[in-house]
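Beneath this line is the structure, given in structure tokens, with notes to follow.
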Amino acid sequence: MLGKRPGPTTLNASSLFIFAAVTLLLGGCGAEPEALDRVLPEELTLGHVEAPLVSNGGFEDGNLSSWTVGLHLNRTGLRVVPPTNVFDLNLSTGGTNQTLAVGGATESQIPAGLSSRSTLRYPKYGQWSAVINRQGASEKTNSLRQIFTITNADVDPADGKVHLRFALAPVLQDPGHSAKDQPYYFVLLHNATKGTQLFSTFAYSNQPGVPWQEDPSTGVLYTDWQIFDVAPGSAHLDIGDQIQLNIIAAGCAQGGHYGHVYVDSFGAFLPGLSIAASAPAQANAGSNLTYTYLATNSGTGAAANVIVNQPLPANTTFIGVNAPGATCTAPPVGSAGTVSCNLGTLNPTASTTFQMTVRINPGATGTVNNGSYTIRADNVSPLIGPLVVTTITQSVVFADLALTKSNGVAAVTWGQPVQYTLGVTNNGPSAVTGARVTDTMPAQLTAVTWTCTASGGGTCAVAAGSGNINTTVNLPANGLATFTVNATVISGSGSGRVSNVASVTTPSGVTDNDPTNNQAADTDSIGSLYQVTVDKDPSSTGTGRVVSSPAAIDCGAACPGASSQFMNGTLVSVTATATPGNTFAGWTGACTGTANPCNFVVTADTVLTALFTSPQAPNGSPCSA
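Convert by adding 29 to the 1-based position in the sequence shown; the result is the number in our numbering.
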């Protein structure tokens, strides 16, 4: 499957992940419960590719030949509820294969165990999905496992992070057992390179807080397709890392009821309409909590009449919504209810953001769980956005410190001078005194010097230094400290990599309510370089942004073109994103057609051109670029 390019109508995550060499055929899979937590020992080899990583998890081939199916039994129920690892599942060897690829026209097929009166249909994207442990009663449990290697094609230009996204829909009978014995699903993502667990999610049948629906004819529980989006940041998931994904579905431990799960579209982008919300990880009872939503259309056709419905999370009341260009209805301020926003039409590759603010009830405890918001459009059934959990605290002093780091290039040569810019921002709400900034320089850099300047009322404890950075800054809310690091890449030959990781921590007595942005890494290849140039087609009537991964080219709406150097042999991924109301119409040059992102291996100086179009102006003339 390496290097396989999808056809023009195969619009799944097929442009998203290069499969690792895990090639057990479906019929030959055996039970390996003890192997679920660890990465398989096979050597992974990447070939010369022109397409990015996973083709809808490989499902568009109509089989699971690139996945490993594991066979297990759920005989004694869960050790711990909720489980955090496979050991907690307490699985036994045995069972039969109930896992397969299932196909049909997009959103046309009724899942096993449901009737035509249910709203769930598969495949969600393209022509194929996978179902794990289909109607696997009698304690049957199946797992579906894949190992893959992260490349530049897995970086979302919206935030510069590596993403793994997928869609999942459980179908579980509800026998009414205790939580540990109910049918369930469990998903685990492990970074084998760094030896860390990146993500897990779990739900048992009829678990409170899950947006279950009941089939009116069969009584079986299910949810609409749910979006999952794992993006922990470059310090935790970076280019070249090997990661292992496990999805497990189990029937009940008492033997009489099944549990299975449908999965679709594993990759860096969902090939259609999607949404994701974000919010601080902690907030005080009685304080305001703001959710930021990103709605994206990564499909090839326009999504008309895009509607986001947000039932207010429990223990919150409505404060306000900020959605420029959208039409929203909302409950009165201080009330519960549902916020509904019509975003209009999202053209292919276009995205939009908006915000909603709620107030956490003064007497609330525990967590605010926001996992019932949905996005839909004409001819697109509802998708549930990724769960956002905020821990409720009492009288904690919060400051959101955010760190960015970049040298503006994707590759360097041996002996080349480099300059990094490291920015530390306090997003508030409280000021900080003595926030510690650290940056331990990698061995590939020498002659390192740095300076620190502050703005917005901030101050640096030390204005300049050499070698590693280990100092403090004082920042009021919205204050900024900027470190400028000058260094030289050591002498050498051949190819290599230099990765520079920096971090910021709050002082004692202050809690960072968003720890996901406290670290940043800048990784560059070292070797022979070629120039890549991205131009905007002069005949464009619309506008848009073109971004590269590795990060080096970022050509915004007003930019006519940009260039940067990349190492010979690097897989470069270039993504075009139209501004709202405009459309990306295609590439010429090194990239052709409308494949987005476009991916190519650099072997010479390269030029590609992006064309954006817009609707006609009222007078009939094209809108200006």
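Note that the Cβ used here is the ideal one computed from N, Cα and C, for glycine as well.
task: State yes or no: is the C-beta of Ala472 within less than 9 Å of the C-beta of Ala510?
output: Indexing the sequence shown from 1 puts residue 472 at position 443. Indexing the sequence shown from 1 puts residue 510 at position 481. Contact: no.
query: Any heavy atom of the ligand NAD within a distance shorter than 8 Å of the CB on Arg146?
result: The ligand NAD is not part of the structure shown, which contains no ligands of any sort.
task: Quick one: give me the first and last residue of the beta strand (DSSP E) that Ala439 is part of.
output: Here residue 439 corresponds to residue number 410 of the sequence shown, with the count starting at 1. That residue, Ala439, is in no beta strand (DSSP E); it is neither H nor E in DSSP.
message: According to DSSP, Leu468 sits in a beta bridge with which residue or residues?
response: Within the sequence shown, residue 468 is the residue found at index 439, counting from 1. Here residue 468 is Asp; the residue named in the question, Leu, does not match the sequence. Secondary-structure assignment with DSSP links Asp468 through a beta bridge to Ile498 and Ala531.
task: Would you mind stating whether Val131 and Ala198 have Cβ atoms separated by less than 9 Å?
output: As a working note, residue 131 is residue 102 in the sequence shown. As a working note, residue 198 is residue 169 in the sequence shown. Not a contact, by the Cβ cut-off of 9 Å.
- prompt: Taking C-beta to C-beta, are Asp267 and Thr552 nearer than 9 Å?
  reply: Position 238 of the sequence shown, counted from the first residue, corresponds to residue 267. Position 523 of the sequence shown, counted from the first residue, corresponds to residue 552. With respect to Thr552, Asp267 sits close: the two C-beta atoms are nearer than 9 Å.
field: Nearest to Gln560 (by Cα), restricted to the options Asn126, Tyr154, Ser495 and Asp634
entry: By one-based count along the sequence shown, residue 560 stands at place 531. Answer by Cα proximity: Asp634.
- prompt: Just the Cα atoms here: how many angstroms apart are Asn603 and Pro361?
  reply: As a position in the sequence shown, residue 603 is number 574, starting the count at 1. As a position in the sequence shown, residue 361 is number 332, starting the count at 1. At residue 603 the sequence reads Val, which differs from the Asn that was named. When rounded, the distance between both Cα atoms is 44 Å.
task: Would you kindly work out how many angstroms separate the C-alpha atoms of Asp583 and Thr517, rounded to a whole number?
output: Along the sequence shown, one-based indexing puts residue 583 at 554. Along the sequence shown, one-based indexing puts residue 517 at 488. Distance between the alpha carbons of Asp583 and Thr517: 24 Å.
query: Assuming Ala531 contacts Asp468 under a Cβ cut-off of 8 Å, what Cβ separation, rounded to an integer in Å, is found between them?
result: Walking along the sequence shown from the start, residue 531 turns up at place 502. Walking along the sequence shown from the start, residue 468 turns up at place 439. Right, the Cβ-Cβ distance comes to about 4 Å (below 8 Å), so this counts as a contact.
Reduced DSSP category for Val425 - H, G, I as helix; E, B as strand; rest coil: As a position in the sequence shown, residue 425 is number 396, starting the count at 1. DSSP places Val425 in coil when its eight states are reduced to three.
message: With H, G and I counted as helix, E and B as strand and the rest as coil, what does DSSP make of Ser643?
response: For the purposes of this step, residue 643 is taken as the residue at position 614 of the sequence shown. Looking at Ser643 - three-state DSSP - the assignment turns out to be coil, as it is neither helix nor strand.
- prompt: Leaving out the 5 sequence neighbours to the left and right, which residues in its chain are closer than 6 Å to Val656 when beta-carbon positions are compared?
  reply: Because the chain here runs from 30 to 654, residue 656 falls outside it and cannot be looked at.
query: When the Cα of Ile179 is compared with those of Gly366, Gln273, Val337 and Asp293, which residue comes out closest?
result: Translated into positions along the sequence shown, residue 179 becomes position 150. Among Gly366, Gln273, Val337 and Asp293, the Cα nearest to that of Ile179 is on Gln273.
task: Per DSSP, which residues does Asn628 bridge with? Please list them.
output: Stepping through the sequence shown from its first residue, residue 628 is reached at position 599. DSSP links Asn628 through a beta bridge to Ser602.
query: Closest to Arg526 by CA distance: which of Val466, Asn499, Ala439 and Asp244 is it?
result: Within the sequence shown, the letter at position 497 stands for residue 526. The candidate whose alpha carbon is nearest that of Arg526 is Ala439.
message: Using a Cβ-Cβ cutoff of less than 6 Å, which residues in the same chain neighbour Thr562 once the five nearest sequence positions on both sides are dropped?
response: Within the sequence shown, numbered from 1, the residue matching residue 562 stands at position 533. Result list for Thr562: Ser592 and Val636, in chain order.
query: From which residue to which residue does the beta strand (DSSP E) around His101 run?
result: For the purposes of this step, residue 101 is taken as the residue at position 72 of the sequence shown. Thr97 to Leu102 is the span of the beta strand (DSSP E), which, as asked, contains His101.
query: Is it right to say Ala655 is buried, meaning 16 or more other beta carbons lie within 10 angstroms of its own, or is it exposed?
result: Residue 655 cannot be examined here, being either before or after the span of the chain that is shown, 30 to 654.
query: Start and end of the beta strand (DSSP E) containing Trp479?
result: Here residue 479 corresponds to residue number 450 of the sequence shown, with the count starting at 1. Taken as a continuous stretch (DSSP letters only), the beta strand (DSSP E) holding Trp479 covers Leu474 to Ser484.
query: Roughly how far, in whole angstroms, is the beta-carbon of Thr403 from the beta-carbon of Ile389, given that I think they are within contact range, below 8 Å?
result: If you number the sequence shown from 1, residue 403 lands on position 374. If you number the sequence shown from 1, residue 389 lands on position 360. Contact between Thr403 and Ile389 does not hold, since the beta-carbon distance rounds to 22 Å and is not under 8 Å.
message: Do Gly366 and Ala332 count as a contact pair if the criterion is CB distance below 9 Å?
response: Start at 1 with the first residue of the sequence shown, and residue 332 comes out as number 303. Start at 1 with the first residue of the sequence shown, and residue 366 comes out as number 337. Taking 9 Å as the cut-off, the beta carbon of Ala332 is found no closer than this to the beta carbon of Gly366.
message: Closer than 8 Å is the cut-off here; do at least three beta carbon pairs connect the region 252-272 with the region 187-201?
response: In this structure the region 252-272 touches the region 187-201; the number of beta carbon pairs closer than 8 Å is three or more.
- prompt: In terms of alpha-carbon separation, which member of Ala605, Pro644, Val630 and Thr170 lies closest to Pro186?
  reply: For the purposes of this step, residue 186 is taken as the residue at position 157 of the sequence shown. Just measuring C-alpha positions, the residue of Ala605, Pro644, Val630 and Thr170 sitting nearest Pro186 is Ala605.
message: Alpha carbons only, please: which of Asp543, Asn114 and Ala639 is nearest the one belonging to Leu432?
response: By one-based count along the sequence shown, residue 432 stands at place 403. Residue Asp543 is the option with its Cα nearest to Leu432.
message: Using 8 Å for Cβ pairs, my map puts Val335 next to Ala379. What's the rounded Cβ distance?
response: Along the sequence shown, read from residue 1 onward, the residue named residue 335 stands at position 306. Along the sequence shown, read from residue 1 onward, the residue named residue 379 stands at position 350. The beta carbons of Val335 and Ala379 sit about 10 Å from each other, so the pair does not count as a contact at 8 Å.
- request: Tell me whether Asp188 sits in a helix, a strand or coil according to DSSP, three-state version.
  value: The count along the sequence shown starts at 1 and reaches residue 188 at position 159. Asp188 falls in the coil class under three-state DSSP.
Pairwise C-alpha distance: Leu504 and Thr454: On the sequence shown, position 425 is the one that residue 454 refers to. On the sequence shown, position 475 is the one that residue 504 refers to. Spanning the two alpha carbons is a distance of roughly 8 Å.
field: Cβ pair count under 8 Å reaching 3, the region 571-579 against the region 479-499
entry: Under the Cβ criterion (8 Å, minimum of three pairs), the region 571-579 does not count as touching the region 479-499.
- prompt: Of the residues Ala182, Ala264, Lys434 and Asn103, which one's Cα is nearest the Cα of Ala279?
  reply: Taking the first residue of the sequence shown as position 1, residue 279 is located at position 250. With distances taken between Cα atoms, Ala279 lies closest to Asn103.
query: Between which two residues does the beta strand (DSSP E) harbouring Asp90 extend?
result: Taking the first residue of the sequence shown as position 1, residue 90 is located at position 61. Note, Asp90: premise wrong, no beta strand (DSSP E); not H, not E.
message: Just to check my reading of the structure: Thr623 and Gly615 have Cβ atoms closer than 8 Å, yes? What is that Cβ distance to the nearest angstrom?
response: Within the sequence shown, numbered from 1, the residue matching residue 623 stands at position 594. Within the sequence shown, numbered from 1, the residue matching residue 615 stands at position 586. Right, the Cβ-Cβ distance comes to about 5 Å (below 8 Å), so this counts as a contact.
query: Would Leu451 pass as a contact of Val466 if the rule is Cβ separation under 9 Å?
result: Numbered from 1 along the sequence shown, position 422 holds the residue referred to as residue 451. Numbered from 1 along the sequence shown, position 437 holds the residue referred to as residue 466. With a cutoff of 9 Å on beta-carbon distance, Leu451 and Val466 are scored as near each other.
Stretch-stretch touch, CB-based, cutoff 8 Å, three pairs: the region 302-319 with the region 235-253: Touching, no.
- prompt: Since Pro446 sits in a beta bridge, which residues does DSSP pair it with?
  reply: Position 417 of the sequence shown, counting from 1, holds the residue named residue 446. Per DSSP, Thr517.
message: Considering Cα atoms alone, identify which of Ser578, His286 and Arg146 is closest to Cys627.
response: Position 598 of the sequence shown, counted from the first residue, corresponds to residue 627. Cys627 has its Cα closest to that of Ser578, out of Ser578, His286 and Arg146.
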